[in-house]
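Residue numbers (UniProt numbering): 5 to 288.
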Ligand code: SF4
């Protein structure tokens with residue numbers, strides 16, 4: 005169960021994405037997966053390289069399209085565990101339409117977002133997660149747009165599993181990924197993953213000072229959506245842990261008629277010529 009491969013990541017030393025990679029590898033081993041039972045699908049951005057750094061099936065897709073690919077993989081082969089991953093620009097800007105609909109569709113995959121509040125690969129522009137006043141090359145006088153609160157958005161969109169973590173808390177992050185993999189439905193895990201090269205505001209120290217662990221809040225109940233929303237609002241989204249889980253709602257696969265049949269990946273897709281002509285005859 006070794007999810008390491010020989011490819012050396014070319015992330016900057018200190019980048020938060022290293023820990024996310026380690027957490028995925030540990031979580032996959034801890035839940036008992038073999039490398040050929042896991043598919044890691046990624047989008048574009050520094051974090052998108054992660055699919056090439058894990059010993060599993062991998063697909064590095066195009067910008068913002070990680071979720072259509074990941075959902076397709078899962079629908080074609082329910083026996084494979086699917087982890088989708090990418091950055092905040094990938095998932096919450098160009099890919100936002102897919103993110104909202106994947107949340108409400110509730111296909112059984114885990115989406116891990118490496119949220120560094122900036123575009124790193126293109127050398128530092130403001131992202132949908134950057135705070136008001138954030139200065140970058142694209143907003144030299146400071147951003148005037150408010151940051152998207154993705155955890156609140158996910159709750160509003162009908163998410164059944166919403167969690168957040170910090171890349172330097174490997175123990176918590178690994179445990180949350182394990183929970184996400186075991187959740188029967190779409191699990192969204194947003195990870196504060198500092199970009200040490202271009203984001204000099206939201207640093208490791210900044211997160212250590214500003215994050216609150218939900219496990220430190222007495223009596224916090226992740227099954228109560230109202231409390232989850234209220235807690236996020238009170239803490240301006242800066243909490244870590246399992247924010248909300250509804251394990252009673254069936255997943256998309258549970259609700260789709262005929263999905264219990266053999267996975268598409270295992271079916272004989274040879275097309276009988278007579279049947280083909282019959283099917284397309286009216287279009288010929
Ligand atoms: Fe990580 Fe930022 Fe370097 Fe990209 S530019 S690898 S996000 S530290």
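Note that the Cβ used here is the ideal one computed from N, Cα and C, for glycine as well.
Tell me which residue opens and which closes the alpha helix (DSSP H) that residue i is part of.
i	result
residue 57	Counting along the chain, residue 57 falls outside any alpha helix (DSSP H), and DSSP gives it neither H nor E.
residue 174	174-186
residue 280	277-284
residue 156	154-160
Any chance the CB of residue i is under 7 Å from a heavy atom of the ligand SF4?
i	result
residue 120	yes
residue 138	no
residue 196	no
residue 202	yes
residue 177	no
residue 93	no
residue 236	no
residue 124	yes
residue 21	yes
residue 210	no
To the nearest angstrom, report how far apart residue i and residue j are at their CA atoms.
i	j	result
residue 150	residue 137	9 Å
residue 267	residue 77	11 Å
residue 163	residue 86	17 Å
residue 257	residue 80	11 Å
residue 110	residue 210	33 Å
residue 31	residue 181	6 Å
residue 285	residue 274	18 Å
residue 61	residue 53	13 Å
residue 128	residue 140	6 Å
residue 98	residue 142	17 Å
residue 134	residue 59	32 Å
residue 95	residue 103	6 Å
residue 15	residue 281	52 Å
residue 55	residue 208	24 Å
residue 118	residue 215	16 Å
residue 265	residue 75	18 Å
residue 224	residue 287	59 Å
So what does DSSP say about residue i, is it helix, strand or coil?
i	result
residue 193	strand
residue 216	strand
residue 287	helix
residue 7	coil
residue 73	helix
residue 211	helix
residue 51	helix
From what residue to what residue does the beta strand (DSSP E) around residue i run?
i	result
residue 119	114-119
residue 166	165-170
Please decide whether residue i counts as near chain C, where near means a Cβ-Cβ distance under 8 Å.
i	result
residue 150	Chain labels in this structure do not include chain C; a single protein chain is all it has.
For the ligand GTP, any of its heavy atoms closer than 7 Å to the Cβ of residue i?
i	result
residue 259	With respect to the ligand GTP, the structure shown offers nothing to examine, as its ligands consist of the ligand SF4.
Taking only runs of the beta strand (DSSP E) that begin and end inside the stretch 230-268, which ones reach a length of at least 3 residues, in chain order?
-> 243-249
Jot down the residue ranges of each uninterrupted alpha helix (DSSP H) in the stretch 14-41, minimum 4 residues, whole runs only, in chain order.
-> 21-34
Entirely within the stretch 75-112 and at least 4 residues each: give me those alpha helix (DSSP H) ranges in chain order.
-> 100-109
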